[in-house]
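Undergrad: I'd like to ask you about the structure that follows.
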Amino acid sequence: MSESFTFYIDGVPVEAAPGMTILDAAQAAGIWIPRLCWHEELEPFGGCRVCTVKMNGRSCAACTQPAEPESVVENDSVALREWRKALVELLFAEGNHFCMACEKSGSCELQALAYRLGIAAPRFEHRWQAREVDASHADVLIDRNRCILCARCVRASRDLDGKNVFGFTGRGPERRVAVNSDARLRDTDLDVSDRAVDICPVGAIIRKGVGFTVPIGARRYDGAPIGSDVESANDELESANEHTEGGAAATVRQEE
Amino acid sequence: MSTTRRVVIEPLTRVEGHGKVTIRLDSAGEVESARLHVVEFRGFERFIQGRPYWEMPVAVQRLCGICPVSHHLAAAKAMDGIVGVDELTPTAEKVRRLMHYGQIFQSHALHFFHLSSPDLLFGFDSDPATRNVIGVAGAFPELARQGILMRKYGQEVIQATAGKKVHGTGAIPGGVNRSLTSAERVELAADIPRQKRWAAEAVAIARDYTLENLAFATEFAAFPSNHLGLVRPDGTFDLYDGVLRAVDESGEKILNDVEAGRYADVLVEEVRPWSYMKFPFLRELGPHKGWYRVGPLARLAVCERIATPEAEAARVQFDEAMGGRPGTMSLAYHWARMIETLSAIEEIEQLLDDPDIEGDDLVRKGERRPESVGVIEAPRGTLFHHYVVADDDTVMRANLIVSTTSNNEPMNRAVESVAKKFLTGTEITEGLLNHVEVAIRAYDPCLSCATHALGKMPLVIEIQDAGGRTLAEGKRNS
Ligand code: SF4
Ligand code: FES
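Below, the structure written as structure tokens:
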């Protein structure tokens with residue numbers, strides 16, 4: 001096994017093993033890079049581009065780009081924040097996201113990202129596209145109004161569930177998440193216990209009847225903004241570091 | 257009628273939130289009729305068609321910026337039926353009631369202190385420039401402060417039960433998603449004595465005003481009517497749940513305790529070409545005689561008693577002043593509204609004293625049903641939510657009757673009676689504008705303009721001749 005190496009994210013030295021993506025290495029170091037289509041259990045997809053960073057001055061998707069020794073990565077800069085904001089705003093403009101009436105509100109990654117990035121008023125013209133709801137399945141519902149085409153469901157069904165329930169059809173603005181049988185969700189072999197059911201970052205694939213059972217205050221992002229779980233892992237590393245004297249934090253990673 | 261004579265209500269006018277009134281004169285130049293054109297929830301059915309049923313209690317709050325909590329609860333009650341639950345857990349029932357009383361309390365306080373008190377304290381003819389909540393704050397600072405703190409208290413009750421002051425999520429099909437924490441309960445209970453005292457004082461203000469101006473109030477926008485509202489099966493006042501009861505102008509029951517789910521058997525919604533709004537009437541009495549009032553005045557007319565002591569004592573006084581019959585005075589709405597405010601705070605007190613309010617048995621489940629009706633007494637009157645849900649759990653059809661719809665005809669009558677009294681010739685005087693405004697405001701209609709916190713209602717009055725030609729138009733902006 002080859003040696004791990006160091007690279008720099010916003011000036012902070014980060015350890016990485018060869019082949020590790022920038023996002024994975026950052027994650028392990030407690031540095032949060034905004035992302036949407038990435039999911040820890042799935043192969044990276046590189047679709048949403050919210051994770052865009054600059055490596056040695058060149059833009060790339062942190063979720064697919066392997067880290068390189070001694071490279072200099074720009075993550076939390078004004079320019080990149082603006083770029084990510086625009087991407088997220090475009091997602092809002094393309095879909096029909098009525099957060100107020102959406103049961104995923106408070107636990108939605110898109111909404112949480114919008115809050116964290118400080119998106120206030122919409123800047124782009126809303127497309128108001130008509131999109132279909134598929135309520136045919138007894139336990140699971142697809143609301144395409146909220147789909148951001150992240151392909152998590154596609155990958156989860158294929159790679160985690162060993163099925164092929166989801167796919168995409170159409171191009172450009174007409175692109176939609178579809179189900180494999182080209183029919184309705186009820187005609188697929190989707191089971192409510194499939195990983196694909198819970199992996200949607202927004203409220204596009206939901207379990208029926210759950211609705212608003214989680215009260216305001218107890219939802220995923222009510223207590224802490226998106227990304228803070230990654231960053232607090234960093235805090236824990238640091239405070240562990242303080243208690244065990246200098247340099248010990250690095251060993252936590254080097255031990256692996 | 258030629259097209260040039262047709263009255264056109266510009267959608268823009270409605271968006272801007274003007275109350276628009278058309279006064280039609282007969283060939284002799286006397287007031288023949290008056291019509292108030294109000295906002296209707298157009299497109300609502302389309303908006304929720306195909307949406308999953310469990311979304312309704314939250315989604316419908318987008319319909320109305322004035323009483324979202326009432327829509328939230330009416331839809332949740334309907335959804336209880338959809339998930340086959342006829343009786344909630346004690347905690348769920350009590351948390352929902354607490355939320356509802358919080359909403360009644362804050363909405364009535366807002367209406368009274370921000371919108372009505374300037375009229376009552378300064379007189380209808382006083383300068384509109386100071387006849388507003390700012391004027392009240394200057395002349396009666398303590399009262400204005402109470403109004404603000406009462407509203408705030410109601411909102412805190414809503415927050416504790418719904419999770420947020422506006423657009424919360426507390427009520428879900430078959431129950432609630434939260435109950436109170438001990439800390440919330442203690443904090444809310446601590447303020448009860450003061451809130452109760454203020455509510456009682458507000459009743460006294462409204463009562464004294466009505467009694468001191470009784471001669472005027474029995475003339476001003478006063479007319480007999482039928483009244484409709486929910487009561488408990490034993491006739492006790494209840495704002496959250498009950499059976500439908502209607503009484504005629506003498507207090508005789510004309511709808512005796514009909515199960516709320518059967519509303520469509522006893523009510524008909526008439527569509528009139530000139531209005532965006534439907535006109536409901538009691539089927540048995542027909543369109544001409546079957547119209548009715550809803551809201552505080554009607555609720556005190558249909559009930560036999562109020563369960564809490566202070567509000568009941570106030571109700572008895574009110575009943576005496578009305579001569580033991582259903583109220584006829586539009587202005588008496590204010591007094592009735594404050595009695596309800598007092599009853600709401602007494603109910604809140606009892607609920608906060610009840611250990612169930614902290615319980616953790618929140619939701620029940622039952623057999624899915626295809627259709628259900630939820631009815632509640634919203635601050636402005638009876639609110640009906642009716643849904644048909646397909647096998648795939650999405651809403652196929654919905655029908656709503658909001659309180660402002662039910663009060664449509666009464667408000668027209670109120671405006672008509674005021675116009676007959678205050679309109680001479682075709683001149684739209686300040687006095688006419690003032691009095692029309694006061695008459696409409698008594699009903700607390702869901703016009704978007706009714707929310708104008710400064711209390712000055714943007715109002716357009718148009719006078720037409722018998723052929724529908726515009727003779728004069730007067731306007732007051734906010
Ligand atoms: S349905 Fe959800 S998981 Fe699937 S592509 Fe759309 S947003 Fe992603
Ligand atoms: S998270 Fe990297 S492209 Fe979506």
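Sequences listed follow chains A and B, in order.
At position 244 of the first sequence the residue is numbered 244 (the working numbering), and the sequence of numbers has no breaks.
If you want the working numbering, it's the 1-based position in the second sequence plus 256.
Glycine included, C-beta positions come from ideal geometry on N, C-alpha and C.
Cβ of residue 555 of chain B within 8 angstroms of Cβ of residue 596 of chain B?
TA: Yes, they are a contact pair.
Undergrad: So is residue 706 of chain B buried or exposed if we call it buried at 16+ other beta carbons inside 10 Å?
TA: Bear in mind that a pLDDT of 39 at residue 706 of chain B, under 50, signals an unreliable position, so the model cannot answer this.
Undergrad: Is residue 8 of chain A buried or exposed, if buried means 16 or more other CB atoms sit within 10 Å of its CB?
TA: Looking at its Cβ environment, which holds fewer than 16 other Cβ atoms inside 10 Å, residue 8 of chain A is exposed.
Undergrad: Do residue 525 of chain B and residue 534 of chain B have their C-beta atoms within less than 8 angstroms of each other?
TA: A contact, by the Cβ cut-off of 8 angstroms.
Undergrad: Quick one: is residue 475 of chain B buried, meaning 16 or more other Cβ sit within 10 Å of its Cβ, or exposed?
TA: It counts as exposed.
Undergrad: Identify every residue that forms a DSSP beta bridge with residue 729 of chain B.
TA: DSSP, once it has assigned bridges, lists B/718 as partnering residue 729 of chain B.
Undergrad: Go ahead and label residue 725 of chain B buried or exposed: buried means 16 or more other beta carbons lie within 10 angstroms of its beta carbon, across all protein chains shown.
TA: Classification for residue 725 of chain B: exposed.
Undergrad: For the region 309-318 of chain B against the region 340-360 of chain B, are there 3 or more C-beta pairs whose distance is under 8 angstroms?
TA: Taking 8 angstroms as the limit for Cβ pairs, the verdict is that the region 340-360 of chain B does not touch the region 309-318 of chain B.
Undergrad: If you reduce the DSSP assignment to three classes, tell me which class residue 15 of chain A lands in.
TA: Looking at residue 15 of chain A - three-state DSSP - the assignment turns out to be strand.
Undergrad: Beta-carbon within less than 7 angstroms of residue 11 of chain A's beta-carbon, same chain only, minus the 5 sequence neighbours each way: which residues are those?
TA: Contacts found: none.
Undergrad: Identify which residue in B/636, B/463, B/293 and B/429 has its Cα closest to the Cα of residue 622 of chain B.
TA: Of B/636, B/463, B/293 and B/429, the residue nearest in Cα terms is B/429.
Undergrad: Tell whether a beta-carbon distance below 8 angstroms holds between residue 503 of chain B and residue 638 of chain B.
TA: Result no, Cβ atoms of residue 503 of chain B and residue 638 of chain B do not sit closer than 8 angstroms.
Undergrad: Please classify residue 576 of chain B as buried or exposed, where buried requires at least 16 other C-beta atoms within 10 Å of its C-beta.
TA: Flag for residue 576 of chain B reads exposed.
Undergrad: Where are the alpha helix (DSSP H) runs, 4 residues long or more, that stay fully inside the region 23-102 of chain A, in chain order?
TA: You should have 78-94.
Undergrad: What is the DSSP secondary structure of residue 396 of chain B, counted as helix, strand or coil?
TA: Of the three classes helix, strand and coil, the one that applies to residue 396 of chain B here is coil, per DSSP.
Undergrad: Pick helix, strand or coil for residue 209 of chain A, following the three-state DSSP scheme.
TA: Coil at residue 209 of chain A, not helix or strand.
Undergrad: By DSSP's criteria, residue 289 of chain B is part of a beta bridge. Which residues make up the other side?
TA: Per DSSP, B/280.
Undergrad: Which residues does DSSP list as the beta-bridge partners of residue 502 of chain B?
TA: Beta-bridge pairing links residue 502 of chain B to B/484 and B/511.
Undergrad: Give a yes or no on whether the minimum CB-CB distance between residue 216 of chain A and chain B is below 8 angstroms.
TA: Closer than 8 angstroms to some Cβ of chain B, the Cβ of residue 216 of chain A qualifies, so yes.
Undergrad: Any heavy atom of the ligand SF4 closer than 7 angstroms to the beta-carbon of residue 334 of chain B?
TA: For the ligand SF4, not one heavy atom lies less than 7 angstroms from the Cβ of residue 334 of chain B.
Undergrad: Taking 8 angstroms as the threshold (beta carbon to beta carbon), is residue 440 of chain B in contact with chain A?
TA: Output row for residue 440 of chain B: interface = no.
Undergrad: If you run the structure through DSSP and keep just helix, strand and coil, what is residue 307 of chain B?
TA: In the structure shown, residue 307 of chain B sits in coil (DSSP, three-state: anything other than H, G, I, E or B).
Undergrad: Is the number of C-beta pairs between the region 210-230 of chain A and the region 97-108 of chain A that are closer than 8 angstroms three or more?
TA: Because the criterion of three Cβ pairs below 8 angstroms is met, the region 210-230 of chain A and the region 97-108 of chain A touch.
Undergrad: Hey, which unbroken runs of the beta strand (DSSP E) at 3 residues or more fall wholly within the region 515-562 of chain B?
TA: With a minimum length of 3 residues, the continuous beta strand (DSSP E) runs that stay inside the region 515-562 of chain B are 523-527 and 534-538.
Undergrad: DSSP on residue 223 of chain A, reduced to helix/strand/coil?
TA: It is coil, neither helix nor strand.
Undergrad: Using DSSP with H/G/I as helix, E/B as strand and the rest coil, what is residue 667 of chain B?
TA: Helix at residue 667 of chain B.
Undergrad: Between residue 574 of chain B and residue 557 of chain B, how many whole angstroms is the CB-CB distance? I'm expecting something under 8 angstroms.
TA: With 8 angstroms as the limit, residue 574 of chain B and residue 557 of chain B do not qualify as a contact, their Cβ atoms being about 10 angstroms apart.
Undergrad: Just to check my reading of the structure: residue 39 of chain A and residue 199 of chain A have Cβ atoms closer than 8 angstroms, yes? What is that Cβ distance to the nearest angstrom?
TA: With a Cβ gap of about 6 angstroms, residue 39 of chain A and residue 199 of chain A count as contacting.
Undergrad: Starting from residue 633 of chain B, trace the beta strand (DSSP E) both ways and give me its first and last residue.
TA: Unbroken beta strand (DSSP E) run through residue 633 of chain B: 627-634.
Undergrad: Note down, in chain order, every chain B residue with its Cβ under 7 angstroms from the Cβ of residue 64 of chain A.
TA: In chain order: nothing, as chain B lies at least about 35 angstroms away.
Undergrad: Using 8 angstroms as the threshold, is the region 373-393 of chain B in touch with the region 421-438 of chain B, meaning 3 or more CB pairs across them?
TA: They do not touch, by the three-pair rule.
Undergrad: Quick check on DSSP: helix, strand or coil for residue 578 of chain B?
TA: Coil.
Undergrad: When the Cα atoms are used, what is the spatial distance from residue 559 of chain B to residue 392 of chain B?
TA: Those two C-alpha atoms are separated by around 33 angstroms.
Undergrad: Please tell me whether residue 540 of chain B has its Cβ less than 8 angstroms away from any Cβ of chain A.
TA: Output row for residue 540 of chain B: interface = no.
Undergrad: For residue 8 of chain A, list the residues DSSP reports as bridge partners.
TA: Partner(s): A/13 and A/72.
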